[in-house]
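Top to bottom, those sequences are chains G and P. Under the numbering used here, the letters of the first sequence match residues 94 to 534, in that order. Under the numbering used here, the letters of the second sequence match residues 94 to 534, in that order. Right, one structure below, let's go through it.
Protein chains: 2
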Amino acid sequence: MESNVWPMHASRDERGALSIAGVDCRDLVAEFGSPLYVLDEDQVRLTARRYREAYEEAGAGIVYYAAKAFLATAVARWVYDEGLGLDVASAGELEVAVRAGVPGDRIIMHGNNKSMSDIERAIEVGVGRIVIDSFEEIVRVADAASRAGIVQSVMVRVTVGVEAHTHDFISTAHEDQKFGLSLANGNALEAVRRIIKLPSLNFLGLHSHIGSQIFDAGGFEIAAERIVSLAKRIWDDLDTEVSHLNLGGGMGIAYLPDDDPLEIPVMAALIGDIVAKECANAGLVMPSLAFEPGRAIVGPAGITLYEVGTVKLVELDDGGSRSYISVDGGMSDNIRTALYGAEYSVALASRDSAAPVRMSRVVGKHCESGDIVVRDALLPDDIVASDLLAVAATGAYCRSMASNYNHLPKPAVVSVRDGKVTVVLRRESMEDLLRLDPGAS
Amino acid sequence: MESNVWPMHASRDERGALSIAGVDCRDLVAEFGSPLYVLDEDQVRLTARRYREAYEEAGAGIVYYAAKAFLATAVARWVYDEGLGLDVASAGELEVAVRAGVPGDRIIMHGNNKSMSDIERAIEVGVGRIVIDSFEEIVRVADAASRAGIVQSVMVRVTVGVEAHTHDFISTAHEDQKFGLSLANGNALEAVRRIIKLPSLNFLGLHSHIGSQIFDAGGFEIAAERIVSLAKRIWDDLDTEVSHLNLGGGMGIAYLPDDDPLEIPVMAALIGDIVAKECANAGLVMPSLAFEPGRAIVGPAGITLYEVGTVKLVELDDGGSRSYISVDGGMSDNIRTALYGAEYSVALASRDSAAPVRMSRVVGKHCESGDIVVRDALLPDDIVASDLLAVAATGAYCRSMASNYNHLPKPAVVSVRDGKVTVVLRRESMEDLLRLDPGAS
Numbered sequence: 094m095e096s097n098v099w100p101m102h103a104s105r106d107e108r109g110a111l112s113i114a115g116v117d118c119r120d121l122v123a124e125f126g127s128p129l130y131v132l133d134e135d136q137v138r139l140t141a142r143r144y145r146e147a148y149e150e151a152g153a154g155i156v157y158y159a160a161k162a163f164l165a166t167a168v169a170r171w172v173y174d175e176g177l178g179l180d181v182a183s184a185g186e187l188e189v190a191v192r193a194g195v196p197g198d199r200i201i202m203h204g205n206n207k208s209m210s211d212i213e214r215a216i217e218v219g220v221g222r223i224v225i226d227s228f229e230e231i232v233r234v235a236d237a238a239s240r241a242g243i244v245q246s247v248m249v250r251v252t253v254g255v256e257a258h259t260h261d262f263i264s265t266a267h268e269d270q271k272f273g274l275s276l277a278n279g280n281a282l283e284a285v286r287r288i289i290k291l292p293s294l295n296f297l298g299l300h301s302h303i304g305s306q307i308f309d310a311g312g313f314e315i316a317a318e319r320i321v322s323l324a325k326r327i328w329d330d331l332d333t334e335v336s337h338l339n340l341g342g343g344m345g346i347a348y349l350p351d352d353d354p355l356e357i358p359v360m361a362a363l364i365g366d367i368v369a370k371e372c373a374n375a376g377l378v379m380p381s382l383a384f385e386p387g388r389a390i391v392g393p394a395g396i397t398l399y400e401v402g403t404v405k406l407v408e409l410d411d412g413g414s415r416s417y418i419s420v421d422g423g424m425s426d427n428i429r430t431a432l433y434g435a436e437y438s439v440a441l442a443s444r445d446s447a448a449p450v451r452m453s454r455v456v457g458k459h460c461e462s463g464d465i466v467v468r469d470a471l472l473p474d475d476i477v478a479s480d481l482l483a484v485a486a487t488g489a490y491c492r493s494m495a496s497n498y499n500h501l502p503k504p505a506v507v508s509v510r511d512g513k514v515t516v517v518l519r520r521e522s523m524e525d526l527l528r529l530d531p532g533a534s
Numbered sequence: 094m095e096s097n098v099w100p101m102h103a104s105r106d107e108r109g110a111l112s113i114a115g116v117d118c119r120d121l122v123a124e125f126g127s128p129l130y131v132l133d134e135d136q137v138r139l140t141a142r143r144y145r146e147a148y149e150e151a152g153a154g155i156v157y158y159a160a161k162a163f164l165a166t167a168v169a170r171w172v173y174d175e176g177l178g179l180d181v182a183s184a185g186e187l188e189v190a191v192r193a194g195v196p197g198d199r200i201i202m203h204g205n206n207k208s209m210s211d212i213e214r215a216i217e218v219g220v221g222r223i224v225i226d227s228f229e230e231i232v233r234v235a236d237a238a239s240r241a242g243i244v245q246s247v248m249v250r251v252t253v254g255v256e257a258h259t260h261d262f263i264s265t266a267h268e269d270q271k272f273g274l275s276l277a278n279g280n281a282l283e284a285v286r287r288i289i290k291l292p293s294l295n296f297l298g299l300h301s302h303i304g305s306q307i308f309d310a311g312g313f314e315i316a317a318e319r320i321v322s323l324a325k326r327i328w329d330d331l332d333t334e335v336s337h338l339n340l341g342g343g344m345g346i347a348y349l350p351d352d353d354p355l356e357i358p359v360m361a362a363l364i365g366d367i368v369a370k371e372c373a374n375a376g377l378v379m380p381s382l383a384f385e386p387g388r389a390i391v392g393p394a395g396i397t398l399y400e401v402g403t404v405k406l407v408e409l410d411d412g413g414s415r416s417y418i419s420v421d422g423g424m425s426d427n428i429r430t431a432l433y434g435a436e437y438s439v440a441l442a443s444r445d446s447a448a449p450v451r452m453s454r455v456v457g458k459h460c461e462s463g464d465i466v467v468r469d470a471l472l473p474d475d476i477v478a479s480d481l482l483a484v485a486a487t488g489a490y491c492r493s494m495a496s497n498y499n500h501l502p503k504p505a506v507v508s509v510r511d512g513k514v515t516v517v518l519r520r521e522s523m524e525d526l527l528r529l530d531p532g533a534s
């Protein structure tokens with residue numbers, strides 16, 4: 094394929110039909126329906142492996158896959174096979190990990206408001222690390238561990254006042270957000286002080302997460318400087334070692350051909366060097382690092398296939414015109430366009446076209462004018478009903494945030510590898526849609 | 094209750110605990126879990142009846158409940174009992190209506206990209222009106238009706254270049270959106286010309302929908318003027334009567350105490366008078382009107398109950414502070430705050446408090462900093478874990494747009510009436526969450 098946004102094993106046949114790992118997209122839709130999410134399994138595996146290798150090289154003891162990006166037992170197995178752990182944020186995500194056979198000690202649990210049952214289940218399955226997000230949680234985890242008769246390893250989530258996105262970051266003293274304990278006001282230090290007094294808790298270290306869709310290492314520099322200063326303070330004041338430092342995720346991917354995130358090993362080396370330098374400056378032993386990429390592993394490996402239903406050329410008040418191409422999904426299977434103003438690349442997938450392109454907008458079938466999948470695209474002007482479109486880089490935060498708005502069923506997710514197709518999540522049926530309604534049966 | 098945003102049958106007992114229709118919110122959460130959507134059934138019924146009566150008085154032959162706002166068989170039955178029809182936009186919504194026992198002739202089907210199976214199912218169940226949204230659809234509906242051996246009544250969705258919201262509207266020649274056929278460029282007239290030639294279609298009239306959360310009749314004036322001019326043109330050029338005119342929905346509700354939508358009969362009378370005047374000016378017989386309120390019927394009758402998990406006082410760089418109150422739901426059960434910047438009213442529900450209020454933000458438990466339920470609220474500073482909060486006016490577009498982000502189960506929806514509780518939609522279980530994953534069982 095012509096650009097960096099398509100799956101690694103995407104190709105076009107002589108008539109221009111898109112294949113993923115040797116499977117024709119038309120055959121996929123014929124068998125599994127449309128819309129359809131398709132994952133390039135080898136790409137997920139390879140990217141997971143690359144992240145693990147590059148970040149281990151940079152000082153990581155473990156790389157976790159951030160399950161919130163997209164989770165099913167198949168994906169949990171792939172990344173576990175490739176040597177990664179799993180970052181979960183609820184009892185539901187934890188349950189998928191457990192059923193996939195991921196051992197508890199390879200799992201880290203996050204969340205600003207874990208329920209008691211989230212915590213109890215985490216302890217029951219032996220989750221390796223629980224990331225403490227509030228003072229209340231210190232007591233809750235300690236009590237639950239104590240009742241279970243175990244010592245639970247924990248980390249403290251620290252807000253360091255850095256927020257990074259793409260090529261930019263902002264740096265403040267405080268953070269106006271729900272996560273973590275503040276470095277600036279002393280709450281993070283106080284949390285560590287309380288944790289080390291509790292016999293059912295084992296303090297491992299600190300966690301910081303600075304943003305999402307990050308393209309370079311700029312923001313990590315200030316974050317590392319601040320968090321290492323806290324580690325120094327913990328060593329000096331509390332006589333306690335920060336043996337583990339988890340710097341979270343947020344590594345960016347290309348949605349558009351011009352997007353240019355740093356290469357995996359380059360970003361890893363930069364961050365590793367930053368932390369090493371800060372630790373050396375502070376006179377601290379380098380802690381064991383951890384990272385939590387989610388989108389970066391699964392996002393680029395996924396596409397969504399849609400079937401076109403109608404094409405409307407709409408005149409605009411400025412004298413121009415726009416082609417509204419309606420597909421059979423929309424904001425229920427991809428809320429990111431409406432929610433974040435996200436931009437996507439889209440292509441005609443079922444055939445080639447030499448027709449001139451025109452300004453187009455790919456829209457869904459929901460009863461809402463904001464139901465837009467791709468706001469601006471140049472697409473051939475001969476697109477008609479029953480053509481298939483492919484939207485690139487939808488592997489993360491599309492299926493995981495999907496709804497049943499307008500009572501549309503959630504599409505299936507299939508993976509392809511070496512010409513073979515596996516159902517990762519089956520498509521919802523009408524009975525699935527109605528199963529919660531006692532009056533519908 | 095102190096303001097216009099709470100359900101009609103909400104009250105507080107002597108200790109300040111919130112009841113809906115005589116049922117204590119603490120008992121509801123104890124039985125059905127938290128978060129929990131609660132609907133005031135009598136309010137839904139009464140509001141539906143008021144809409145029907147007021148708009149019939151203003152010239153409506155039928156008022157449809159717009160199912161996309163929130164749909165379950167119970168709600169479909171209530172509004173049908175109260176004399177309303179149902180506006181559906183997919184085969185899934187249609188199926189709920191059918192299973193609720195709503196007869197086909199009380200149903201109208203919308204959608205900018207109805208699938209062939211949507212259309213075929215609509216014809217099979219005898220849907221009274223299909224609203225044609227594109228040229229492609231004329232042929233599709235005509236063919237399906239012809240194959241079924243029936244004559245299908247249809248309307249044409251017209252874009253009139255008016256977009257209304259709250260107290261404001263904008264008016265342009267063209268509309269840069271996916272719905273309908275343009276009045277300005279002649280497509281709407283052309284669609285009627287094609288429809289009346291087809292023996293399997295019965296042209297009933299025109300449909301226009303100008304916006305959402307509309308507080309006054311300003312936008313309807315221009316929309317009515319334009320659509321009546323089209324009706325005149327259809328009469329003059331095509332010798333065809335527009336016997337039905339559906340002006341859509343979009344009637345606004347109060348989310349905050351200062352919100353002041355027009356009273357139902359006032360809005361109805363204003364719109365009725367506008368259309369009557371325009372028809373008189375054009376020398377046309379007044380058509381039978383129809384309207385499609387959704388949010389206005391179910392929105393104000395619903396609340397969401399949440400349990401507080403953590404409370405964090407976060408210092409801000411301006412020297413102030415903000416209380417982050419984390420609840421056990423979030424953007425999965427109410428995406429409107431993140432998606433539209435929607436504002437909500439929130440109150441401590443499980444007890445009274447005489448404590449001073451402070452600037453607060455109610456946030457969810459998702460792994461995302463944008464996971465905000467109520468961005469700005471003044472709440473008592475003694476709120477602690479296990480307190481219940483109630484968010485007002487969540488009856489529309491919350492459950493219907495709910496996701497399983499972070500593998501959170503969708504909350505139950507219960508209705509209350511005269512001290513009795515009915516499950517409208519049961520809460521999802523862990524097995525529900527995992528049922529689509531072939532590797533999870």
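A virtual CB, placed ideally from N, CA and C, is assigned to each residue, including glycine.
If only complete runs of 3 or more residues are kept, the region 418-456 of chain P shows the beta strand (DSSP E) at 439-441, 450-456, in order along the chain.
With a cutoff of 8 Å on beta-carbon distance, E408 (chain P) and S322 (chain G) are scored as not near each other.
Pairwise C-beta distances place the region 476-491 of chain P out of contact with the region 324-340 of chain P, as fewer than three of them are shorter than 8 Å. Secondary structure of A347 (chain P) (DSSP, three-state): coil.
Judged by DSSP in its simplified three-state form, H102 (chain P) adopts coil rather than helix or strand. Look at D530 (chain G): its C-beta is under 8 Å from a C-beta on chain P. The beta-carbon distance between E400 (chain G) and S127 (chain G), rounded to whole angstroms, is 4 Å. This is short enough to meet the 8 Å contact definition. The beta carbon of I216 (chain P) sits closer than 7 Å to the beta carbons of A237, A238, A241, I243, Q245 from its chain, once the five residues preceding and following it are set aside; these are given in chain order. DSSP places F384 (chain G) within a strand segment (E or B) once states are collapsed to three. By a beta-carbon distance limit of 8 Å, G204 (chain G) contacts D211 (chain G). Their separation comes to about 7 Å.
Going by beta carbons, A147 (chain G) and I390 (chain G) fall outside the 8 Å limit. Comparing C-alpha distances from L132 (chain P) to each of P:V514, P:G387, P:S522 shows the shortest one belongs to P:V514. Take the alpha-carbon of F272 (chain G) and the one of I346 (chain P): they are about 33 Å apart.
When DSSP states are grouped into helix, strand and coil, V122 (chain P) belongs to the helix group. Around N280 (chain P), the same chain offers L274 as residues with beta carbons nearer than 7 Å, after the five sequence neighbours per side are excluded. With a 10 Å radius around the Cβ and a threshold of 16 neighbouring Cβ atoms, M344 (chain P) comes out buried. By the neighbour-count criterion, in which a residue is buried when 16 or more other Cβ atoms sit within 10 angstroms of its Cβ, A483 (chain P) is buried. Chain-order list of chain P residues neighbouring S275 (chain G): V407, E408, by C-beta distance under 8 Å. Per DSSP, the unbroken alpha helix (DSSP H) holding D211 (chain P) starts and ends at 209-217. With a contact defined as Cβ atoms closer than 8 Å, G395 (chain P) and M424 (chain P) miss out at about 17 Å. The beta carbon of Q306 (chain G) sits no closer than 8 Å to any beta carbon of chain P. Under DSSP, N339 (chain P) forms a beta bridge with P:H300, P:A383.
Looking at the DSSP output, N295 (chain G) sits in a beta bridge with G:S246. For the region 433-466 of chain G, the set of positions with a beta-carbon nearer than 9 Å to some beta-carbon of chain P reads Y433, R454, V456, G457, K458, H459, C460, E461, S462, G463, D464, I465 in chain order. Of the candidates P:L177, P:V253, P:R519, P:V249, the residue whose Cα lies closest to the Cα of P386 (chain P) is P:L177.
Contact residues of the region 101-132 of chain G toward chain P are absent (C-beta to C-beta distance below 7 Å).
Inclusion of S301 (chain G) and I320 (chain G) in the CB contact set at 8 Å is warranted, their separation being smaller than that value. Under a criterion of Cβ atoms nearer than 9 Å, no residue of chain G is adjacent to T397 (chain P); the nearest Cβ is some 16 Å distant. Measuring C-alpha to C-alpha distances from T259 (chain G) to each of G:D106, G:D351, G:G109, G:R138 identifies G:D351 as the nearest.
Rounded to the nearest angstrom, the gap between the Cα atoms of E229 (chain G) and D226 (chain P) is 54 Å. By the Cβ neighbour-count rule, R199 (chain P) is buried, with 16 or more other Cβ atoms within 10 Å of its own. Sequence-distant Cβ neighbours of C460 (chain P) in its own chain, meaning closer than 8 Å and more than five residues away, are N499. Of all residues in the region 196-207 of chain P, the ones placed with a Cβ closer than 8 Å to any Cβ belonging to chain G are H203, G204, N205, N206, K207, in chain order. The beta carbon of E229 (chain P) sits closer than 8 Å to some beta carbon of chain G. Pairing R142 (chain G) with R222 (chain G), the inter-Cα distance amounts to about 22 Å. Within the region 512-524 of chain G, the residues whose Cβ lies closer than 9 Å to any Cβ of chain P are, in chain order, T515, V516, V517, L518, R519, R520, E521, M523.
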